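For the sequence shown, my numbering begins at 1 and goes up steadily by one. Heads up, the thing below is written out as structure tokens.
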Amino acid sequence: YPLSTLLVFDSSRNAIPVAWVITSSLTGQDIHKWVGSLAERLRTKDSRWRINAFLVDDPSFGFSAIRRNVKSKLLTCRDAFQCRVLLCVWHVRRSWIRSLLKTCCNIDVQREMFKHLGWILYSSRSVPNAMDAVQEFMEVFVDQSAFMDYFKSQWSPHIESWVSCIRSLPVAGPEPHAAIESYHRRLKYKLFNDQYANFWPRIDWLIHTLTTEFHSLYWLDQYIVETGYFSNLRDESFSTNAWYQALHIPDIDVILDEQNLQVAKVISQTDRNLAYTIWNPGSEFSLCDCHWSNLGNLCKHVIKVAMMCKNRQVARPLLAAQIYRQTLLSLLHNPPDDPVVLDHAILCTTRLQQDIKGWEDLSNSGLLQQLPPELNSQMADNTLLFARSH
Ligand SMILES: [Zn+2]
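In structure tokens, the structure reads:
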């Protein structure tokens with residue numbers, strides 16, 4: 001029985017669980033059964049409460065072979081919560097890097113492979129067919145047979161759906177990934193403790209543990225923060241998620257050469273003589289040479305560099321903006337004859353434009369990356385062109 005969590009971020013960038021959903025099958029297939037009830041429950045609790053964005057990381061959400069089904073699920077989320085839907089690739093990143101760490105012992109090869117894996121996911125622009133990018137990856141790293149076996153069995157069948165999903169949805173930046181990862185580690189530590197092994201098949205035990213022991217960790221932390229009592233009992237992991245820690249690294253401690261974005265450096269906050277190296281900066285597929293990153297986790301150095309890249313607008317161009325521009329241009333060059341098709345195309349394009357606008361609004365509050373300036377102006381130009389033509 002898959003477990004889904006609805007998380008919110010507090011002022012310390014901690015991901016706080018506010019609802020759990022346990023279903024009898026993959027949640028992506030059954031999302032319409034519970035998402036409406038959840039939205040209704042939230043409104044009953046506090047009608048002023050508004051969800052800013054819905055991050056979706058359920059593979060089956062994007063894995064549906066039938067495009068219409070994917071859209072109907074998107075519409076389900078949008079309609080229920082009246083908010084935009086973003087794609088979260090955190091668990092893809094985590095699965096890939098942890099498998100690389102297990103199966104490939106050469107650290108330089110790990111970094112190169114990880115970078116290439118990122119290219120596959122974002123291959124929609126440079127390589128029209130995602131499977132061509134996969135094929136190229138497999139040829140370049142053919143000697144890494146253990147990882148290739150894993151990749152072929154676990155990911156190859158789904159990679160086109162992922163790329164397709166990335167073409168349709170804005171992708172959340174790496175900062176919330178750090179908070180989600182912190183939540184995930186705490187949840188696994190609590191649930192997968194060997195002393196509970198006999199209870200794992202029991203759903204009543206899962207519900208009991210989540211709603212009593214696990215939930216109370218969050219109440220206790222909030223109480224400690226608000227009152228200052230029992231501070232010696234505080235679980236340090238609440239104040240050590242990489243997103244929160246990254247906010248405390250001064251910009252001056254980051255060495256970022258905008259002419260050469262292969263690597264960046266971050267000076268250690270505890271040893272000023274030490275500098276960590278970050279490969280592929282500004283991407284979700286960055287790696288750092290610190291201990292925490294070497295364990296397959298997102299570290300504060302990677303997040304800090306991603307934030308700097310965003311602020312200086314040197315990160316990779318937003319994929320959704322590229323797709324939006326391509327869609328508009330193809331519509332302008334080949335306007336559909338059928339008015340129904342035209343109406344549908346205008347609706348889809350307007351929705352994508354709203355997503356991108358909302359994405360920028362979120363970015364201003366520090367959650368996501370900003371659009372590069374040239375794309376901003378192109379997008380504005382295209383919007384005007386579109387309005388004039390129709
Ligand atoms: Zn690091």
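Glycine residues also receive a C-beta, built at the ideal position from the N, C-alpha and C atoms. Remember, predicted model here, so these are calculated numbers, not experimental data.
What whole-angstrom Cβ distance do residue i and residue j have, given they're in contact under 8 Å?
| i | j | result |
| --- | --- | --- |
| V305 | L256 | 7 Å |
| F147 | H116 | Not really, about 11 Å apart at Cβ, beyond 8 Å. |
| A179 | N280 | The Cβ separation is near 21 Å, so there is no contact. |
| C309 | C299 | So it is not a contact: roughly 15 Å between Cβ atoms. |
| Y122 | I166 | 7 Å |
| K188 | T209 | About 12 Å; that fails the 8 Å criterion. |
| Y183 | P17 | 7 Å |
| E258 | R312 | 7 Å |
| M394 | E175 | Outside the modelled stretch of the chain, which goes from 1 to 390, sits residue 394, for which no answer is possible. |
Using beta-carbon positions only, say whether residue i and residue j come within less than 9 Å of one another.
| i | j | result |
| --- | --- | --- |
| I97 | G296 | yes |
| Q82 | R48 | no |
| L261 | V171 | no |
| Q144 | S95 | no |
| S268 | R186 | no |
| A130 | E181 | no |
| W90 | E284 | yes |
| L217 | D194 | no |
| L206 | Y1 | yes |
| V134 | S156 | yes |
| V21 | L7 | no |
| T227 | Y150 | no |
| W162 | V263 | no |
Just mark residue i as buried or exposed, buried being the case when its beta carbon has 16 or more other beta carbons within 10 Å.
| i | result |
| --- | --- |
| T212 | exposed |
| V140 | exposed |
| G62 | Per-residue confidence for G62 stands at a pLDDT of 41, beneath the threshold of 50, marking its modelled position as unreliable; the derived number appears in the next sentence. With 16 or more other Cβ atoms within 10 Å, it is buried. |
| A197 | exposed |
| I252 | exposed |
| V56 | buried |
| N334 | exposed |
| S11 | exposed |
| L274 | exposed |
| S168 | buried |
| G173 | buried |
| R41 | exposed |
| P250 | exposed |
| I107 | exposed |
| H177 | buried |
| F114 | buried |
| S231 | exposed |
| D46 | exposed |
| V266 | buried |
For residue i, verify whether its CB is less than 8 Å away from any heavy atom of ligand 1.
| i | result |
| --- | --- |
| K300 | yes |
| S394 | In the structure as shown, the chain begins at 1 and stops at 390. Residue 394 is therefore absent and cannot be evaluated. |
| V254 | no |
| V263 | no |
| Y122 | no |
| C104 | no |
| D289 | yes |
| I203 | no |
| Y276 | yes |
| V266 | yes |
Of the residues the options, which one's Cα is nearest the Cα of residue i?
| i | options | result |
| --- | --- | --- |
| N294 | A39, S99, R43, V89 | S99 |
| S4 | R13, S24, L220 | S24 |
| F54 | F9, K33, R167 | F9 |
| T277 | L347, V254, Q259 | V254 |
| D271 | L220, C290, I31 | C290 |
| N52 | I224, S231, V85 | V85 |
| V225 | S239, H215, F214 | S239 |
| G118 | L233, D221, G282 | G282 |
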